[in-house]
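Remarks on the structure that follows.
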Amino acid sequence: MTKEKIKLLSLISNHIKCAINLYGMIHKEKLCDIFCHHYPDYKKEEVLPLLDDPLSLQFVYFSQDYYIHEALYFENLMDTHLNDTKLLPYYVPNLQTFLKYSDNFYVERTAAYLELTHFLLKILPQTHHSKIDSVVDDLTIGVQMDLSLDHAIMIFERYQLPIKELDTKKLLDKVVNLYKQTRTWKLHGFTKNEMNYYQKFGNRLPLNQSCDCESGKTYGECCYHDEKVFLNHIDEEDHRFQITDDMITDYKHKLLRESDRIIFYHTHLTHPSLRDLIKHFIEHHMKDISRERPKDALAALALLLMRLHHIEDQKIPKEKILRTLGNWTYRQLIEGMSQWLEVIYHQKPVEFNHIEDLQHSLDAYFKDYPVKKEPNKGYTWLEKSLEKATYDEEHVDRVHDLVFNIKEAQHPLELDYFKLLLKTCPTAFLAIAFLVEVSEPKDHLILLKCYIKAFEICHQDVLSNPPKNFTHYGYNKEYILALDSIGLLYKENGNYKLAFDAYQKMIKYDDEDRFGAKESILICYVMTNQMEAYDDAIHALPVDSLYRKVLMMFHKMLMGESFYEEYLVLLKDHEDILDVIIGIKSPDSFPFDTPEGSFFYDFYQVLTYQKELLEPLLSLHKGNQKPLN
Numbered sequence: 128m129t130k131e132k133i134k135l136l137s138l139i140s141n142h143i144k145c146a147i148n149l150y151g152m153i154h155k156e157k158l159c160d161i162f163c164h165h166y167p168d169y170k171k172e173e174v175l176p177l178l179d180d181p182l183s184l185q186f187v188y189f190s191q192d193y194y195i196h197e198a199l200y201f202e203n204l205m206d207t208h209l210n211d212t213k214l215l216p217y218y219v220p221n222l223q224t225f226l227k228y229s230d231n232f233y234v235e236r237t238a239a240y241l242e243l244t245h246f247l248l249k250i251l252p253q254t255h256h257s258k259i260d261s262v263v264d265d266l267t268i269g270v271q272m273d274l275s276l277d278h279a280i281m282i283f284e285r286y287q288l289p290i291k292e293l294d295t296k297k298l299l300d301k302v303v304n305l306y307k308q309t310r311t312w313k314l315h316g317f318t319k320n321e322m323n324y325y326q327k328f329g330n331r332l333p334l335n336q337s338c339d340c341e342s343g344k345t346y347g348e349c350c351y352h353d354e355k356v357f358l359n360h361i362d363e364e365d366h367r368f369q370i371t372d373d374m375i376t377d378y379k380h381k382l383l384r385e386s387d388r389i390i391f392y393h394t395h396l397t398h399p400s401l402r403d404l405i406k407h408f409i410e411h412h413m414k415d416i417s418r419e420r421p422k423d424a425l426a427a428l429a430l431l432l433m434r435l436h437h438i439e440d441q442k443i444p445k446e447k448i449l450r451t452l453g454n455w456t457y458r459q460l461i462e463g464m465s466q467w468l469e470v471i472y473h474q475k476p477v478e479f480n481h482i483e484d485l486q487h488s489l490d491a492y493f494k495d496y497p498v499k500k501e502p503n504k505g506y507t508w509l510e511k512s513l514e515k516a517t518y519d520e521e522h523v524d525r526v527h528d529l530v531f532n533i534k535e536a537q538h539p540l541e542l543d544y545f546k547l548l549l550k551t552c553p554t555a556f557l558a559i560a561f562l563v564e565v566s567e568p569k570d571h572l573i574l575l576k577c578y579i580k581a582f583e584i585c586h587q588d589v590l591s592n593p594p595k596n597f598t599h600y601g602y603n604k605e606y607i608l609a610l611d612s613i614g615l616l617y618k619e620n621g622n623y624k625l626a627f628d629a630y631q632k633m634i635k636y637d638d639e640d641r642f643g644a645k646e647s648i649l650i651c652y653v654m655t656n657q658m659e660a661y662d663d664a665i666h667a668l669p670v671d672s673l674y675r676k677v678l679m680m681f682h683k684m685l686m687g688e689s690f691y692e693e694y695l696v697l698l699k700d701h702e703d704i705l706d707v708i709i710g711i712k713s714p715d716s717f718p719f720d721t722p723e724g725s726f727f728y729d730f731y732q733v734l735t736y737q738k739e740l741l742e743p744l745l746s747l748h749k750g751n752q753k754p755l756n
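The sequence shown runs 128 to 756 under this note's numbering.
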């Protein structure tokens, strides 16, 4: 595969994620139109064929030429969505705005969002303030999916907010306003207010109103010119997602043909066998299973049986294990569907008795042959595996579906299966990312280093020629965050030299410096005695930069020079921050997840390790008659 095609596939993959998060579902031809609108150098005939074989993406399914968000797919709401959105135009923002939706949890902070946040901060007791951002984010995501006002009440109850004690009318007004100003799938990405205006005047906003892209121009002079292409083009195709008898018959043949090509020496000799399980699902659950690609459906059933039969690594041919990588939908279906329906319908669903029967038979087998787990001996084997790693694109693609789905599973894979996975796919950086999530803190550093190594092996072409806005593409953001975590762990251990190396990589690739590496590295310069580089970096900062002021004061402290004047200036403007830095106030409530907060955390750590530097600061506070805890 050429570098040009790899780049194009990466751009397409990112656009699919953005479109699904903004619209809920979209036809591949409409997606192609939007992609070519944003990237005019690519032609439709070049892009469209690549959409026939969809990439493996989290939360995204492909059926009957539509890309579909799992929230619609698993509730079988595709026809409802198409009926709701029929004859509506698409909201297609500029590329910069569109790419924000590559984050599955991106929330646009509209005026209504901020009003509701400020309202809750004002009327709720302070003990609930830490929950408010999460509450409003969840509400906004629910509105985007067109969930009802009852859903809003459920969110307030889930976070245990005392809404019964509040002014319910004012709260309801704020929530309704949020509904009107939030982009929704049901309106093809428009807000309710925008759609009302469009239906009256044919535009999303008044032409003389300031454009919401914050360019400083009016909407008529700015985004309207690009958007009107899609405002004036409405699809009238009447599609229905119906599973016909012919489709079911065809799927049966594909599934059985696929099963004949797989040789599992254990699962076909023991009961229940793979073919038994296939027959069971064909007979009882074809409408559920037929929504998946045959190889994914079969892989999920095979993986389930491998787990239940406790097949050991060395007994499975390496070239066959890749056939087991697939969707965990059916394992979750077997173990949880009956209980889930009981909760929804408050009664036992008779139509799923067959699932329950299969569950009982598999549970009995599992009980008779318990898994003997070996104690975790660490992850040195993983480091050694990566030293011999070679890039195999097919292996990496196949592992995506598995890892994305086991991250949501209630019963993640055991360590032995990850070992096997990494033997056949040593560049499976996503599998390593999952290990980080489920491992103990003592193992985080070595796993993060392995993640970085695996990512760099897999993405050699991208890293050799990093694109602008690096963190907006693919898994690049996670790569930068992993480097940031490594830097933080090294600094906590006092190893500033190795932390410095991590931050250098961040600066090299993250051209926007979204995560504050240029500030974090300044502390490393000081602690590794690279004062010339430190001076250059300091003087490159704006004169009024808070980082510059604090570090110049810190430098004077290290040199034993007077820093009284600099400290008083900072104290006047940033009293609370400095209270945290010198330990007068607890850092628990400080926003360390921001670049600025991360920088001050670095500074706080340095002073914690060098108690003698705290004394002059404390003396100054006493001199200003500031109470100490």
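Ideal Cβ positions, reconstructed from N, Cα and C, are used throughout, including at glycine.
Curious, which full-length alpha helix (DSSP H) runs of at least 4 residues does the segment 210 to 282 contain?
222 to 226, 238 to 250 and 259 to 271
I need the DSSP call for Y351, collapsed to helix, strand or coil.
helix
Which residue or residues does DSSP assign as beta-bridge partners of V187?
H196
With burial defined as no fewer than 16 other Cβ atoms inside 10 Å of the residue's Cβ, what is the status of Y150: buried or exposed?
buried
What three-state label does DSSP hand H682 in the structure shown?
helix
On the CB-based measure, 16 or more other CB atoms within 10 Å of its CB, does H92 come out buried or exposed?
In the structure displayed, the chain extends from 128 to 756; residue 92 sits before or after that span and is not available.
Under three-state DSSP, which class holds I361?
coil
The alpha helix (DSSP H) with H165 in it runs from where to where?
K155 to H165
What is the rounded straight-line gap between the Cα of E321 and the Cα of L332?
6 Å
Inter-residue spacing [alpha-carbon to alpha-carbon] between D273 and L678
48 Å
What residue does the alpha helix (DSSP H) around H767 start on, and which one ends it?
Here the chain covers residues 128 to 756 and nothing more, so residue 767 does not appear.
D373 versus H380 - alpha carbon distance:
11 Å
For T451, which three-state DSSP category applies?
A caution first: T451 carries a pLDDT of 35, below 50, which makes its placement in the model too unreliable to give a value.
Sort L243, D706 and P421 by Cα distance to T376 and report the nearest one.
P421
Anyone know if the C-beta pair for C758 and L226 falls short of 8 Å?
Not covered by the structure: residue 758. The range shown for the chain is 128 to 756.
For L509 and R367, the rounded distance between their alpha carbons:
48 Å
DSSP on T507, reduced to helix/strand/coil?
helix
Burial state of R310 (16 or more Cβ within 10 Å)
buried
Member of Q657, F642, L608 and K604 whose CA lies at the smallest distance from the CA of Y623
Q657
Does the structure place the segment 160 to 172 close enough to the segment 254 to 267 that three or more beta carbon pairs sit under 8 Å?
no
If you draw a straight line from the alpha carbon of P669 to that of G601, how long is it in whole angstroms?
32 Å
Terminal residues of the alpha helix (DSSP H) in which H586 lies
Segment: none, H586 is in no alpha helix (DSSP H) and carries neither H nor E.
Since T345 sits in a beta bridge, which residues does DSSP pair it with?
S337
Between the segment 336 to 347 and the segment 277 to 284, do at least 3 Cβ pairs fall closer than 8 Å?
no
Distance, I573 Cα to Y617 Cα:
11 Å
Are the CB atoms of N221 and C765 within a distance shorter than 8 Å?
There is simply no residue 765 to check, as the chain begins at 128 and stops at 756 in what is shown.
Burial state of I153, where buried means 16 or more other Cβ atoms lie within 10 Å:
buried
Would you check if there are 3 or more beta carbon pairs closer than 8 Å linking the segment 604 to 621 to the segment 632 to 643?
yes
Could you tell me the distance, in whole angstroms, from the CA atom of G687 to the CA atom of Q631?
29 Å
Report yes or no: do three or more beta-carbon pairs, one from the segment 262 to 272 and one from the segment 241 to 253, lie closer than 8 Å?
yes
Pull up the distance between the alpha-carbon of S190 and that of L175, whole angstroms please.
16 Å
Identify which residue in L334, F232, E131 and F582 has its Cα closest to the Cα of E354.
L334
Considering Cα atoms alone, identify which of N596, R285 and Y506 is closest to E86.
The structure shown does not extend to residue 86, since the chain spans only 128 to 756, so no value can be given for it.
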